[in-house]
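Undergrad: Protein chains in written order, with numbering that gives the first Met the number 0: chain A, 0 to 129; chain B, 0 to 129.
Quick reminder that beta carbons are idealized off the backbone N, C-alpha and C, glycines included.
Only a predicted model underlies this, so the values are computations on that prediction, with no experimental measurement involved.
Here it is, the structure in full.
2 protein chains.
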Amino acid sequence: MLRFSKRVEYGLMALQHLAKRGGVSTVREISEEYKISYDLLAKILQDLKRDGLIDSYQGVRGGYALMLTPDSINLTRVVGALEEDSGIMDCASGASGCDRSGTCSIEAPMHKLQATIDKALSSVTVAQLM
Amino acid sequence: MLRFSKRVEYGLMALQHLAKRGGVSTVREISEEYKISYDLLAKILQDLKRDGLIDSYQGVRGGYALMLTPDSINLTRVVGALEEDSGIMDCASGASGCDRSGTCSIEAPMHKLQATIDKALSSVTVAQLM
DNA sequence: GAATATAGGACTCTTTCAGTCCGACTTCCT
DNA sequence: AGGAAGTCGGACTGAAAGAGTCCTATATTC
């Protein structure tokens, strides 16, 4: 359907928040400000941390903070951290192995379209969300 | 997930086929050549017809044929004919009405990204799939 | 009138997505 | 020391969308 998942949507909101505020914010704080499910947001931030976009501090007075400058975090990175298989079509991303090759010739143009979209995503950074 | 549905994927294959062959092809012919479910493809072609991309001929010796030249059918048009709500996010497409405005500021940049992607889609035509 | 098409409604099955629940571990503060 | 406030992460549930099926009606050609 060519639509971002809620995970990405919430992830962007959280990153935007961290960028705006600077310093450390808790899951609770963000989930309440944006009316996002606490548990769901918690997992999203864990994934962003796992990917090195943000850093975490445990215990009381803990929370999350950006590890990179807002202008060096682009959407490609965020989507990559939050979704398994990105890619417009099966044949447009990695190694194809499509059994329809021979009759179907849309693979090459889809690859190209994928590259164009990736470029569009990578041109948008968290800094622009502030 | 930023991925095309099977409906769009199959629709593009069918259009590519019609463009390559020229003239009239039946659902059966296309579904067998590309190993696509007959019933599913039938509905897809009906939708493409409803949107004026292709024309239909009923009865024996009937089938479907392009109504436009391949280079005048772009992906935006195909996606529009085959999917209900396109749009990268709820707030990125039509009238927003997002209840998070005030705290969330991603709407404007998402609108812009949406426009970029739309442009990318509209730049790819069926002619390029041949 | 039989064969071969499209037209289209209704339905089922599967998968993915969103969200919830729960227990564990870590750290700060008193 | 211990409780409060955090992150960590697995397992589960429910809802919705996606993909695919089934069946009947209608149109056209031979």
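1) In the DSSP assignment, find the unbroken beta strand (DSSP E) run with glycine 62/B in it and report its ends.
2) Would you mind reading off the limits of the alpha helix (DSSP H) that contains aspartate 54/B?
3) Skipping 5 residues on each side, what residues in its chain have a beta carbon closer than 8 Å to that of glycine 22/B?
4) Which whole-angstrom value is the C-beta distance of serine 104/B and leucine 128/A, which I expect to be below 8 Å?
5) Which residues of chain A have a Cβ atom closer than 7 Å to the Cβ of threonine 102/B, listed in chain order?
6) I need the straight-line Cα distance from aspartate 38/A to isoleucine 53/A, nearest angstrom please.
7) Do leucine 74/A and valine 123/A come within 7 Å of each other at the CB atom, strictly closer than that value?
8) Taking the CB atoms as reference points, tell me whether glycine 62/A and serine 36/A lie closer together than 7 Å.
9) Using the C-alpha atoms, what's the distance from glutamate 106/A back to glycine 86/A?
10) Where does serine 71/B fall in DSSP's three states?
11) Which whole-angstrom value describes the C-beta separation of alanine 126/A and alanine 18/A, a residue pair presumed to lie in contact below a C-beta threshold of 8 Å?
12) Rounded to the nearest angstrom, what separates methionine 66/B and glycine 51/B at their Cα positions?
13) Taking just the CA atoms, how far does alanine 13/B sit from isoleucine 29/B?
14) Report buried or exposed for lysine 114/A, applying the criterion of at least 16 other Cβ atoms within 10 angstroms of its Cβ.
15) Relative to the alpha-carbon of arginine 60/A, which residue among Gly10/A, Lys111/A, Arg27/A has its alpha-carbon at the smallest distance?
16) Helix, strand or coil for cysteine 97/B per DSSP?
17) The ligand PLP and glycine 96/B: does any heavy atom of the ligand fall closer than 6 Å to the residue's C-beta?
18) Does serine 104/B come out as helix, strand or coil in the three-state DSSP assignment?
TA: According to the data block:
1) Start and end: 62–65.
2) Aspartate 54/B: not part of any alpha helix (DSSP H); member of the beta strand (DSSP E) spanning 53–56, first to last residue.
3) So the list reads Ala64, once near-sequence residues are dropped.
4) Contact flag correct, Cβ pair sits at about 6 Å.
5) Those are Glu32, Tyr33, listed as they occur along chain A.
6) Inter-residue distance for aspartate 38/A and isoleucine 53/A is about 18 Å (C-alpha atoms, whole angstroms).
7) Taking the C-beta atoms as reference points, leucine 74/A is found nearer than 7 Å to valine 123/A.
8) In this structure, glycine 62/A keeps its C-beta atom at 7 Å or more from the C-beta atom of serine 36/A.
9) The alpha-carbon separation between glycine 86/A and glutamate 106/A amounts to approximately 12 Å.
10) Correct three-state label for serine 71/B: helix.
11) A Cβ-Cβ separation of about 7 Å places alanine 126/A in contact with alanine 18/A under the 8 Å criterion.
12) One C-alpha to the other measures close to 7 Å.
13) Between the alpha carbons of isoleucine 29/B and alanine 13/B lies a gap of roughly 7 Å.
14) Here the sequence assigns alanine to residue 114/A, which means lysine is not the residue at that position. Exposed: under 16 other Cβ atoms inside 10 Å.
15) Cα-wise, what sits closest to arginine 60/A is Arg27/A.
16) Three-state DSSP puts cysteine 97/B in coil, outside helix and strand.
17) This structure does not include the ligand PLP; it has no bound ligands of any sort.
18) DSSP places serine 104/B in coil when its eight states are reduced to three.
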